[in-house]
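Here this note's numbering runs 925 ahead of the position in the sequence shown, where the first position is 1. Note that beta-carbon positions come from the ideal geometry of N, C-alpha and C, so glycine has one too. Source: prediction; values computed, not measured. Here the structure is laid out as structure tokens; the discussion comes afterwards.
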Amino acid sequence: MKFSQLTPGDTFLYKGVEYTKIGPLQAIDKTTGTEKMIMRAASVELARSKTKMDEEASGKNALTSKLAVLESIMTEYHQTCLGHLDGADNEKKRVKMEEQFKKIEGALGDLKKQPL
């Protein structure tokens, strides 16, 4: 995008440096605080705000945490069910439950591998 398309207060990247637009041709370097004149037609890129990046990271952490809790609950449930099926009479049921649980574990594993 062009520098002229930004509004004052927008944070952007220009030649690898992060600036904040303060006027029609002026911007302030975010790290040094020095003012710089930038041509209206200069090609710039909007910077992702720290708040936005923090929100995205927080969302990823929350999802990862929820997946871990879900996995723990499912494992506990599975162990409880197997405990009720002790004995030779229930061997086929136990095998079937183990097969189903492996499918659940596989699905949870796939979810964990998905990019967040």
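By Cβ distance, which residues of its chain are closer than 6 angstroms to residue i, with the 5 residues on each side in sequence left out?
{"i": "glutamate 996", "result": "Leu1033"}
{"i": "alanine 1013", "result": "none"}
{"i": "phenylalanine 928", "result": "Ile963, Arg965, Ala967, Val969"}
For residue i, I'd like the list of residues in its chain whose CB is within less than 8 angstroms of its CB, leaving aside the five on either flank, ordered along the chain.
{"i": "aspartate 935", "result": "Thr945, Lys946, Leu971"}
{"i": "glutamine 951", "result": "Glu960, Lys961, Met962, Ile963"}
{"i": "threonine 957", "result": "none"}
Might you give, ordered along the chain, the residues of its own chain that have their beta carbon closer than 7 angstroms to the beta carbon of residue i, omitting 5 neighbours on each side?
{"i": "leucine 1007", "result": "Arg1019, Met1022"}
Looking at the ligand COA, does it come within less than 7 angstroms of residue i, judged from the CB to the closest heavy atom?
{"i": "glutamine 1004", "result": "This structure simply doesn't include the ligand COA, nor any ligand for that matter."}
In the DSSP assignment, what residue or residues form a beta bridge with residue i?
{"i": "serine 929", "result": "None, per the DSSP bridge assignment."}
{"i": "methionine 962", "result": "Gln951"}
{"i": "tyrosine 944", "result": "Phe937, Asp954"}
Does DSSP put residue i in a helix, a strand or coil?
{"i": "alanine 952", "result": "strand"}
{"i": "threonine 938", "result": "Per the sequence shown, residue 938 should be read as leucine rather than threonine. Residue state, collapsed to three classes: strand."}
{"i": "leucine 971", "result": "strand"}
{"i": "leucine 992", "result": "helix"}
{"i": "glutamine 1039", "result": "coil"}
{"i": "glycine 1034", "result": "helix"}
{"i": "glycine 1008", "result": "helix"}
Suppose contacts are defined by Cβ-Cβ distances below 8 angstroms. Is residue i in contact with residue j by that definition?
{"i": "tyrosine 939", "j": "alanine 966", "result": "no"}
{"i": "valine 942", "j": "aspartate 954", "result": "yes"}
{"i": "leucine 992", "j": "lysine 1037", "result": "yes"}
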